[in-house]
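In terms of this note's numbering, the sequence shown is numbered consecutively and its last residue is 345.
All residues carry an ideal CB built from backbone N, CA and C; glycine is no exception.
Written out below as structure tokens is the structure these notes cover.
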Amino acid sequence: CGGKVVGEGSGCTAMDQVFHIRCFDCIVCHLQLQGKPFYAVDCKPYCEDCYMNTLEKCCVCTKPILDRILRATGKPYHPGCFTCVVCNTALDGIPFTVDAANQIHCIEDFHKKFAPRCSVCQEPIMPEQGMDETVRVVALDRSFHVNCYKCEDCELLLTSESEGRGCYPLDGHVLCKSCNAARVQALSSTLATNI
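Next up, the structure:
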């Protein structure tokens, strides 16, 4: 207030200043602070409750963040609250990604949830351990693991790199060259017999 502090017990010292007891109050709610815990922010006294209300709140648990703020996807988090929505692993300092709904995922769970599924084994097609890129085969509008891309009849591993081991589809079936020829021959024989 700028007035003199006179008389014993009429003043107190805080933040390197002298206050009348009645003037040393919370800048927000005006609670008298003499003898109570307070926080100084920009040389202004706050009671504990009002100080807590000035702090950013974690977007997960909604509690004030007292220590380090982890900021991701434009929101504040306690480091322990920043977790994968699938496995609940804390992702502080760990690579993560978000889905279309802005939900946070560890990389592995994101791949498990959103990776294309192999049409043979139905497992997600994910990067190999320690790799960043996914390798898959797409044929007949279907996805395959490289090791699942086999002839449906003889299980020969198909590839585009060597002659005779490519895919020769027939009626939506993934076949090698010789199994395709055998099926075509069988179909031709059946058609010839039925005529």
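Just mark residue i as buried or exposed, buried being the case when its beta carbon has 16 or more other beta carbons within 10 Å.
i	result
residue 293	buried
residue 339	exposed
residue 176	buried
residue 275	buried
residue 268	buried
Give the straight-line distance between the Cα atoms of residue i and residue j, rounded to the nearest whole angstrom.
i	j	result
residue 151	residue 203	25 Å
residue 273	residue 232	28 Å
residue 330	residue 303	9 Å
residue 180	residue 207	23 Å
residue 299	residue 308	6 Å
residue 288	residue 296	10 Å
residue 248	residue 223	8 Å
residue 260	residue 238	13 Å
residue 198	residue 250	39 Å
residue 341	residue 264	44 Å
residue 337	residue 262	40 Å
residue 211	residue 186	28 Å
residue 200	residue 216	14 Å
residue 335	residue 279	43 Å
residue 174	residue 153	13 Å
residue 328	residue 305	12 Å
Going by beta carbon distance, what residues of the same chain come within less than 7 Å of residue i, once the five residues before and after it are set aside?
i	result
residue 235	253, 254, 255
residue 242	220, 229, 232
residue 209	225, 226, 227
residue 348	Since the displayed the chain opens at 151 and closes at 345, residue 348 lies outside it and no answer follows.
residue 168	155, 161
residue 193	165
residue 310	316
residue 270	294, 298
Per DSSP, residue i forms a beta bridge with which residues?
i	result
residue 163	168
residue 289	292
residue 196	189
residue 300	307
residue 261	Paired residue(s): none; residue 261 is not in a bridge.
residue 320	323
residue 175	182
residue 274	267
Within a Cβ cutoff of 8 Å, which residues of the same chain sit near residue i, ignoring the five residues on either side of it in sequence?
i	result
residue 171	159, 160, 161, 162, 182, 184
residue 325	301, 302, 303, 317, 318, 319, 333
residue 196	176, 177, 178, 188, 189, 190, 204
residue 283	277
residue 257	245, 246, 247
residue 213	207, 228
Using a Cβ-Cβ cut-off of 6 Å (strictly less than) and excluding sequence neighbours within five positions of residue i, which residues of its own chain qualify?
i	result
residue 286	275, 293
residue 266	275, 293
Item to check | Every unbroken beta strand (DSSP E) within the segment 208-255, with a cutoff of 3 residues, ordered by chain | outcome: 220-222, 225-227, 246-248
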